[in-house]
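Novice:
Residue numbers (our numbering): 1 to 158.
1) Output the boundary residues of the alpha helix (DSSP H) element that contains residue 89.
2) Any heavy atom of the ligand NAP closer than 7 Å to the beta-carbon of residue 139?
3) Between the Cα of residue 105 and the Cα atoms of 25, 27, 84, 31, which residue gives the shortest distance?
4) Let me confirm a value: residue 152 is counted as buried when at least 16 other C-beta atoms fall within 10 Å, else exposed. Which label applies?
5) Looking at C-beta atoms only, is the number of pairs between the segment 34 to 53 and the segment 130 to 147 that lie closer than 8 Å three or more?
6) Tell me whether the segment 95 to 104 and the segment 113 to 121 touch, counting them as touching only if at least three CB pairs, one residue from each stretch, are closer than 8 Å.
7) Helix, strand or coil for residue 37 per DSSP?
8) Along the chain, where does the beta strand (DSSP E) containing residue 74 start, and where does it finish?
9) Which of the three DSSP states is assigned to residue 129 in this structure?
10) Spell out the partners DSSP gives residue 78 in its beta bridges.
11) Closest to residue 57 by CA distance: which of 111, 84, 94 is it?
12) Taking a contact to mean a Cβ-Cβ separation below 8 Å, would you say residue 129 touches residue 113 in this structure?
13) Could you tell me which residues DSSP pairs with residue 160 in its beta bridges?
14) Roughly how many whole angstroms lie between the Cα atoms of residue 78 and residue 131?
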């Protein structure tokens with residue numbers, strides 16, 4: 001006996017592939033432009049982040065790639081999450097932010113974040129190339145991941 005409402009003429013071949021509903025957020029490329037706070041620290045109710053993290057900054061000259069699992073990254077970049085920085089460096093994080101701001105960068109800019117990471121990692125040759133933000137599905141807390149590349153140090157040859 002067939003369940004009520006079952007249509008035996010309906011076959012699997014009638015299914016259409018699901019279209020991706022993942023919204024795309026405009027990614028800033030100017031390191032001195034203010035990054036919007038609703039993108040830097042998204043709320044769990046923000047539909048733009050319902051399908052995963054979003055790239056909110058990509059340095060000019062770089063491009064993002066997406067692997068088969070849906071992870072977005074810049075080739076050659078190392079990534080560090082902000083909660084890990086806080087865990088590893090603790091109180092030094094506050095001093096690093098103050099140092100970055102005293103260099104003249106506005107707080108919510110990629111240039112300021114780059115200076116912050118340079119201070120924390122003691123790496124003046126570090127270049128921020130990517131910022132990913134999202135919402136943790138387990139804690140509903142916002143997160144950030146910073147993608148950076150270490151550039152060769154300039155050496156005086158004179």
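Glycine included, every Cβ here is placed at the ideal spot set by N, Cα and C.
Note that the structure is a prediction, hence the values are computed from the model and not measured.
Specialist: Reading from the atomic positions:
1) 82 to 89
2) The ligand NAP is absent from the structure shown, which contains no ligands of any kind.
3) 31
4) exposed
5) yes
6) yes
7) helix
8) 72 to 74
9) strand
10) 148
11) Taking only the C-alpha atoms, the option nearest residue 57 is 111.
12) no
13) The structure shown has nothing for residue 160, since the chain only spans 1 to 158.
14) 11 Å
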